[in-house]
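The block underneath contains the structure these notes are about, expressed in structure tokens.
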Amino acid sequence: MILLTPDEMGAADRLAAESGIDSYGLMVKAGYAVAASALKHFATVRRAIVLAGPGNNGGDGYVVARALAESGMDVAIHALGDPDKLKGDARTARFECPIEPQSLEAYLPQAGDLVIDALFGAGLARPLSGAVTALIEAIGRKGVPVLAVDLPSGLSGATGAPLGAAFHATRTVTFMAPKPGHYLLPGRDLCGVLEVADIGIPMRIVRAAQGGKLSVNSPALWRAALPHSAAGAHKFSRGHLGVFSGPAGKTGAARLSAMAGIRCGAGLVTLAVPASAEAEVAAHQTAIMQRRLDEADDLRDWLADRRLSAFVIGPGFGADARAREFVQALAERPTVIDADGISAFAEAPDELFVTLGRFAPHCVLTPHQGEFSRLFPDIAADDDCGKVEKARAASARAHAVVLYKGADTVIAAPDGRAAINANAPPWLATAGSGDVLAGIIGGLLAQGMEAFEAACAGAFLHGEAGSRAGEGLTAEDLPGHLPPLSAFS
Ligand SMILES: NC(=O)C1=CN([C@@H]2O[C@H](COP(=O)(O)OP(=O)(O)OC[C@H]3O[C@@H](n4cnc5c(N)ncnc54)[C@H](OP(=O)(O)O)[C@@H]3O)[C@@H](O)[C@H]2O)[C@@H](O)CC1
Ligand SMILES: Nc1ncnc2c1ncn2[C@@H]1O[C@H](COP(=O)(O)OP(=O)(O)O)[C@@H](O)[C@H]1O
Ligand SMILES: [K+]
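Mapping of the sequence shown onto the UniProt record's numbering: position 463 corresponds to residue 463, and the numbering continues sequentially without gaps.
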């Protein structure tokens, strides 16, 4: 599913107009789609209150009011600003609507109302005024449901962050394609249930405006890149994943990664274990192999085996000089660099970026918010930038795929491709869950998937496993609930 930024949506609008499509016709379709949603999902409300803004979002609102009145609903319009100053399609919509607008101040929220929020959509340019903010609070206090047109007013469609106050909608109807702000937090929560209405802009125009670089993560993005298990495959043809364990007492994280890697199809998985932890790891593993590995020299010997096709380093490893040395040696092969593998470079992130820059972008960095801030402090602190732009900037700087974790995980590649993951249930946020994700991605890399596709598929499979395991899961449950890759091919 493609995503359009508000600017790209504006471009689609312009291209549609240039191809002869009537823009007022689009507004009418948009308004009727919202009215249909109101009638279907809020059938029991006593009256609909349309809050109409000064631009085309307000224009949509006048169409909604007309459509609802035609269907027999009791409708009132409260306009922000002087309706006589409306221009273009919004002005036409206002004069085709039989209901005379009242002032915004005249609206007193009442139980039984449905608010249609048509104040601002893609054109929001600054934080909402004090009067609008007070009205949002009054509507919230009364528990009046809100149906948002395109976006809850106050929310940036580009970043998913409110510019100040914003409506908290029950449902949102947007047009042609969702925007990043519908999926990035807190926008996703502020939108409520999202509907995407087709208002008749041809998809070829939508695609031309979009450029194909940002999407919602779904199997369509990576299905073709999944490893196929041929009948004659043997374990080495399905890849060999190496996972680095921490010292005694800290081996659990790497063991979780290793188990996830073998469950998602790596032919062989070996845990590389320091001497202090050999007995501990051996007591836990059966299908996973084990190799003693203490120093960087041991690692260089091991790397002589070219059949080792991918690595995971970081979970429970220790964020120290040894971690830096290991990551620098591993960067020549596809490697997931997680947790301590990231934090080890907090004092000298450029050392990591220079190392990664010497190779093709075949490594995946998987920071959560804290780790992201350690490695990319300036990008993390840029409040004008949404999570997609942050992940993209980080990926370009690091010369690696960056999977920026959270409830709204974003995956970005150095070439600008990006995806927002949307299938993770909230109970996936449990200790060790990130270690499992690193192992899944490692397992896919080991089987020959490219880094961006492996990271996207990994995040999606992790979310699926979380849903299948259900609320109350622990990280140990996740590998056993991974769906088979064949379910997606
Ligand atoms: N694209 C398409 O194909 C289609 C788009 N459609 C619809 O058009 C919508 C976009 O319309 P839009 O561009 O007119 O922007 P919109 O959100 O109405 O706001 C702009 C106005 O608000 C003002 N303003 C901004 N911030 C403000 C603030 N904080 N406080 C006060 N004022 C503020 C701003 O004023 P200015 O900044 O110029 O002073 C300007 O007057 C889109 O969301 C969708 O619903 C549909 O009809 C279907 C086809
Ligand atoms: N609220 C949430 N909803 C869904 N998934 C979440 C949420 N919060 C975190 N996650 C996911 O849970 C995992 C947690 O990983 P991480 O922060 O590394 O924790 P740990 O180090 O304990 O494994 C990540 O995949 C992250 O995207
Ligand atoms: K709106």
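Positions of the beta carbon are idealized from the N, C-alpha and C atoms, including for glycine.
Pick out whichever of the options has its Cα sitting closest to the Cα of residue i.
{"i": "L330", "options": "Y107, T133, D298, V63", "result": "D298"}
{"i": "I337", "options": "E371, D305, R306", "result": "E371"}
{"i": "E389", "options": "A258, P180, V193", "result": "P180"}
{"i": "F95", "options": "V410, Y24, A380", "result": "Y24"}
{"i": "A220", "options": "A138, T474, A457", "result": "A457"}
{"i": "F488", "options": "F460, V364, P479, E471", "result": "F460"}
{"i": "E464", "options": "A475, N423, Y32, V281", "result": "N423"}
{"i": "A161", "options": "C191, S257, I440", "result": "C191"}
{"i": "A248", "options": "H228, A65, I262, A272", "result": "A272"}
{"i": "D378", "options": "A346, A48, R358", "result": "A346"}
{"i": "L303", "options": "F244, V63, E278", "result": "F244"}
{"i": "G164", "options": "A279, K29, D383, S71", "result": "D383"}
{"i": "R358", "options": "D305, H399, R374, C385", "result": "H399"}
{"i": "G472", "options": "G416, W427, F452", "result": "W427"}
{"i": "A125", "options": "G157, S373, P186", "result": "G157"}
{"i": "S237", "options": "A393, R91, R307", "result": "R307"}
{"i": "H362", "options": "F42, G212, A455, T430", "result": "A455"}
{"i": "V144", "options": "V45, I342, R322", "result": "V45"}
{"i": "L444", "options": "A253, A277, K40, W222", "result": "W222"}
{"i": "residue 492", "options": "P367, R204, L4, F42", "result": "Absent from the structure is residue 492, since the part of the chain shown begins at 1 and ends at 489."}
{"i": "G72", "options": "L15, L39, A394", "result": "L39"}
{"i": "G406", "options": "A225, K387, A283, A169", "result": "K387"}
Confirm, please, whether the CB-CB distance from residue j to residue i is below 8 Å.
{"i": "T172", "j": "A148", "result": "yes"}
{"i": "L80", "j": "G53", "result": "yes"}
{"i": "S153", "j": "D117", "result": "yes"}
{"i": "I2", "j": "A177", "result": "yes"}
{"i": "L104", "j": "A131", "result": "yes"}
{"i": "A401", "j": "A418", "result": "As written in the sequence, residue 401 is Val, which differs from the Ala given in the question. Cβ atoms of V401 and A418: not closer than 8 Å."}
{"i": "P274", "j": "A310", "result": "no"}
{"i": "V312", "j": "L352", "result": "no"}
{"i": "L403", "j": "S433", "result": "no"}
{"i": "G442", "j": "L241", "result": "yes"}
{"i": "D435", "j": "S257", "result": "yes"}
{"i": "A67", "j": "Y107", "result": "no"}
{"i": "A319", "j": "D350", "result": "no"}
{"i": "A451", "j": "V354", "result": "no"}
{"i": "A438", "j": "P315", "result": "yes"}
{"i": "Q285", "j": "T270", "result": "no"}
{"i": "R30", "j": "F167", "result": "The residue you asked about is not Arg; residue 30 is Ala in the sequence shown. The answer is no: Cβ separation not under 8 Å."}
{"i": "R392", "j": "F376", "result": "no"}
{"i": "I342", "j": "R374", "result": "yes"}
{"i": "G239", "j": "A446", "result": "yes"}
{"i": "A36", "j": "V50", "result": "no"}
{"i": "I201", "j": "A17", "result": "no"}
Tell me the DSSP secondary structure of residue i in three-state form.
{"i": "I139", "result": "helix"}
{"i": "D74", "result": "strand"}
{"i": "E195", "result": "strand"}
{"i": "G287", "result": "Position check: residue 287 holds Ala in this sequence, whereas Gly was assumed. Looking at A287 - three-state DSSP - the assignment turns out to be coil, as it is neither helix nor strand."}
{"i": "L485", "result": "helix"}
{"i": "R468", "result": "helix"}
{"i": "I21", "result": "coil"}
{"i": "Y107", "result": "coil"}
{"i": "L124", "result": "coil"}
{"i": "P447", "result": "First, the residue type needs correcting, since residue 447 is Gln and not Pro in the sequence shown. DSSP places Q447 in coil when its eight states are reduced to three."}
{"i": "G31", "result": "helix"}
{"i": "G242", "result": "strand"}
{"i": "F167", "result": "coil"}
{"i": "S257", "result": "helix"}
{"i": "A310", "result": "strand"}
{"i": "A418", "result": "strand"}
{"i": "L330", "result": "helix"}
{"i": "A248", "result": "coil"}
{"i": "D320", "result": "coil"}
{"i": "A161", "result": "coil"}
{"i": "S215", "result": "strand"}
{"i": "F376", "result": "coil"}
{"i": "A38", "result": "helix"}
{"i": "I201", "result": "coil"}
{"i": "A93", "result": "helix"}
Since I believe residue j is in contact with residue i (beta carbons under 8 Å), could you give me their beta-carbon distance rounded to a whole number of angstroms?
{"i": "D408", "j": "Y183", "result": "6 Å"}
{"i": "G27", "j": "A93", "result": "The sequence shown places Met at residue 27, rather than the Gly named in the question. Sure, about 6 Å apart at Cβ, within 8 Å."}
{"i": "V281", "j": "R255", "result": "7 Å"}
{"i": "A76", "j": "R47", "result": "7 Å"}
{"i": "G121", "j": "L151", "result": "5 Å"}
{"i": "N57", "j": "L155", "result": "Not quite, the Cβ-Cβ distance comes to about 12 Å (not below 8 Å), so this is no contact."}
Considering only heavy atoms of ligand 4, does any lie closer than 7 Å to the CB of residue i?
{"i": "A79", "result": "Among the ligands in the structure shown, ligand 4 does not appear; only ligand 1, ligand 2 and ligand 3 can be found there."}
Quick one: does residue i have its CB under 8 Å from some CB of chain C?
{"i": "P152", "result": "Looking at the structure shown, chain C is missing, and only one protein chain is on hand."}
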